[in-house]
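>
Numbering (this note's numbering), first residue to last: 14 to 515.
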């Protein structure tokens, strides 16, 4: 804890030096803190990296902020250890960034964005404030995990967490693992575990084979993706792993560790059926039920949102060239709706191009000429991504596996019964639910539980998800130390009242 009145050193940026005004100069000699950027990009996945490269190539001074140590996002996650192989596309992307004029600022967690735009982020060296008149948000998605009894048992992780273990660290859960949920990530994780030498006890897919067969015409337009999916399935089959279509996890048992997983068949609406249950012995579970666009920053800035059937949530509205309803704010990638990595990259390039045009870096004719092929490429790739997203769109019975005593909000220990009681007492939107139960008021601010809780509330009132509103977003967007919020405040800064004798 710093002593009152003491000023701290400038945040530590690799290769940086402190400035007298409290900012930091990066290794290229340019300032990192302060309004020194023409454009800031938050998120260094396929969309954000593409936006930054495009805008920098058009002459803008661009800062690329990301909470990971290296660019690539979840799809092209960089290995954390020497000797591990990442994707060739990810390595090429990182090489392009290193050779560009983009100021890459990794390891920074954004906790507040003010209109205009001022971005407050927490880095290993402390708090930083970055500014630019234009902002691209490419914040990707968060995973939907619908809890079941026993979901808090040690050994239960999300599908996304399993991919991080495999890609970044070259490791995997110990012992036989049940992989369950819906979407391509189920098969990517199962195949990855088999390839790493792990034991996979079973794969449980909420979708039916016909759900995937209906997507074949769209997938056929992207042969590489189709081959990848077929390869995953072949690897799983070769390992003799049972694949249970139209099945879900209904309970997980174990004391200090997962011991067994109860699986049940589901109907067409994904409601667990009372018959046909089976128990699988396992030491770990990797599960996930689709993806939800990460919209917290966009919502906090007042961007207009729309209901999105594919993700079962609300997503920001964008025009044909990635502008949002907020002047100077551009949005790209799966944070605007699930469309896949290739569509995200094309949307990112388009967002960077549009930002450069709006900044005066290129004229109208040049902009429209460059934008047309990017729009076509984005829309063509998005058709495939949206076809896949539709297969994992949440169905009415998905929440049927959440029993009354199942904890929905882990931060505040709120179970389904408490949500239903609040609904019965009159809570009709998610913020009334928050006030009544504290659901969504913990460190994650509803990022992990919010859509599940909203779905339960909507079901209580017999309405669609959109009818129960959206969670109010407030800073800090991420947990930060109190000294970060206090900054350089000291006792000497407290105004001292003066008293006059009567």
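By construction, the Cβ of each residue, glycine as well, lies at the ideal position given by its N, Cα and C atoms.
How big is the Cα-Cα spacing for residue 181 and residue 85?
Between residue 181 and residue 85, the C-alpha separation is close to 11 Å.
> Less than 8 Å between the CB atoms is what I'm expecting for residue 299 and residue 258, so what's the real figure, rounded?
That pair is no contact at about 18 Å.
> Could you give the distance in angstroms between the alpha-carbon of residue 196 and the alpha-carbon of residue 356?
Those two C-alpha atoms are separated by around 17 Å.
> Which runs of the beta strand (DSSP E) spanning at least 3 residues fall entirely within the region 74 to 112, listed in chain order?
Correct list: 75 to 78.
> Taking the alpha carbon of residue 287 as the point to measure from, which residue in 294, 260, 266 and 146 has its own alpha carbon closest?
The option with the nearest alpha carbon to residue 287 is 260.
> Would the beta-carbon of residue 483 fall within 8 Å of that of residue 312?
Cβ atoms of residue 483 and residue 312: closer than 8 Å.
> Whole-angstrom Cβ separation of residue 346 and residue 59, contact assumed at under 8 Å?
Residue 346 to residue 59, Cβ: 7 Å. Contact.
> Compute the beta-carbon to beta-carbon distance between residue 54 and residue 88, rounded to the nearest angstrom, for a pair I have assumed lies under 8 Å.
Contact doesn't hold; Cβ gap of about 17 Å is too wide.
> Could you tell me which residues DSSP puts in a beta bridge with residue 291?
276.
> Am I right that residue 282 and residue 151 are in contact with their C-beta atoms under 8 Å? What's the rounded C-beta distance?
In fact, because the Cβ distance is near 34 Å, the residues do not count as touching under 8 Å.
> Under the three-state reduction of DSSP, which class applies to residue 506: helix, strand or coil?
Reduced to three states, the DSSP call for residue 506 is helix.
> Out of 480, 379 and 404, which one is the CA nearest neighbour of residue 226?
Of the candidates 480, 379 and 404, the one whose C-alpha sits nearest the C-alpha of residue 226 is 404.
> Might you give, ordered along the chain, the residues of its own chain that have their beta carbon closer than 6 Å to the beta carbon of residue 52, omitting 5 neighbours on each side?
These residues qualify, in order along the chain: 68, 73, 75, 145, 147 and 368.
> When the Cα atoms are used, what is the spatial distance from residue 450 to residue 137?
So the two alpha carbons sit approximately 34 Å from each other.
> How many angstroms separate the CA atom of residue 128 from the CA atom of residue 486?
Residue 128 and residue 486: Cα-Cα distance of roughly 14 Å.
> So residue 248 and residue 207 are in contact, right, with Cβ under 8 Å, and what is the actual spacing, rounded?
Sure, about 5 Å apart at Cβ, within 8 Å.
> Span of the beta strand (DSSP E) holding residue 117?
Looking at the DSSP string, the run of the beta strand (DSSP E) that includes residue 117 is 116 to 118.
> Report the option in 334, 433 and 375 whose CA atom is closest to the CA atom of residue 359.
Minimum Cα distance to residue 359 is reached at 334.
> How far does the alpha helix (DSSP H) with residue 395 in it reach, from first residue to last?
Note, residue 395: alpha helix (DSSP H), 377 to 404.
> Can you tell me which of the three DSSP states residue 513 falls into?
In the structure shown, residue 513 sits in coil (DSSP, three-state: anything other than H, G, I, E or B).
> Are the region 397 to 415 and the region 271 to 282 touching by the rule of at least three beta carbon pairs closer than 8 Å?
A contact exists between the region 397 to 415 and the region 271 to 282.
> Can the beta-carbon of residue 177 be found less than 8 Å from the beta-carbon of residue 217?
Their beta carbons are not under 8 Å apart, which means residue 177 does not touch residue 217 by this criterion.
> Using 10 angstroms around the beta-carbon of residue 309, count the other beta-carbons present and answer buried if the total reaches 16, otherwise exposed.
So residue 309 ends up on the buried side.
> Count the other CB atoms, across all protein chains shown, that sit within 10 Å of the CB of residue 448; report buried if there are 16 or more and exposed otherwise.
Exposed.
> Hey, could you find the ends of the alpha helix (DSSP H) residue 266 is sitting in?
Element bounds for residue 266: not the alpha helix (DSSP H) but the beta strand (DSSP E), 260 to 266.
> Spatial neighbours of residue 377 within its chain, please: C-beta separation below 8 Å, excluding the five flanking residues on both sides.
Result list for residue 377: 370, in chain order.
> Give the list of continuous alpha helix (DSSP H) stretches no shorter than 4 residues that lie fully inside the region 206 to 230.
Segments of the alpha helix (DSSP H) lying fully in the region 206 to 230: 222 to 226.
> Counting only the same chain and skipping the five closest in sequence on each side, list residues whose C-beta sits under 7 Å from that of residue 209.
Only 179 and 185 meet the Cβ criterion.
> Would you say the region 416 to 430 touches the region 451 to 458, given that touching needs at least three Cβ pairs under 8 Å?
Yes: at least three Cβ pairs fall under 8 Å.
> Helix, strand or coil for residue 446? Go by DSSP, reduced to three states.
In this structure, residue 446 counts as helix in the three-state DSSP scheme.
> Pick out whichever of 512, 305 and 183 has its Cα sitting closest to the Cα of residue 95.
Closest option to residue 95, Cα to Cα, is 183.
> Buried or exposed, going by whether 16 or more other CB atoms sit within 10 Å of the CB of residue 200?
Classification of residue 200: buried, given that the 10 Å Cβ count is 16 or more.
> Of all the alpha helix (DSSP H) runs that stay within the bounds of the region 418 to 499, which reach a length of 4 or more residues?
List check, alpha helix (DSSP H) in window: 429 to 437, 443 to 450, 463 to 474 and 495 to 499.
> Give a yes or no on whether the C-beta atoms belonging to residue 122 and residue 135 are separated by under 8 Å.
The answer is yes: Cβ separation under 8 Å.
> Please report the straight-line C-alpha distance between residue 272 and residue 204, rounded to a whole angstrom.
One C-alpha to the other measures close to 22 Å.
> Where does the unbroken alpha helix (DSSP H) through residue 240 begin, and where does it stop?
First-last of the alpha helix (DSSP H) with residue 240: 236 to 251.
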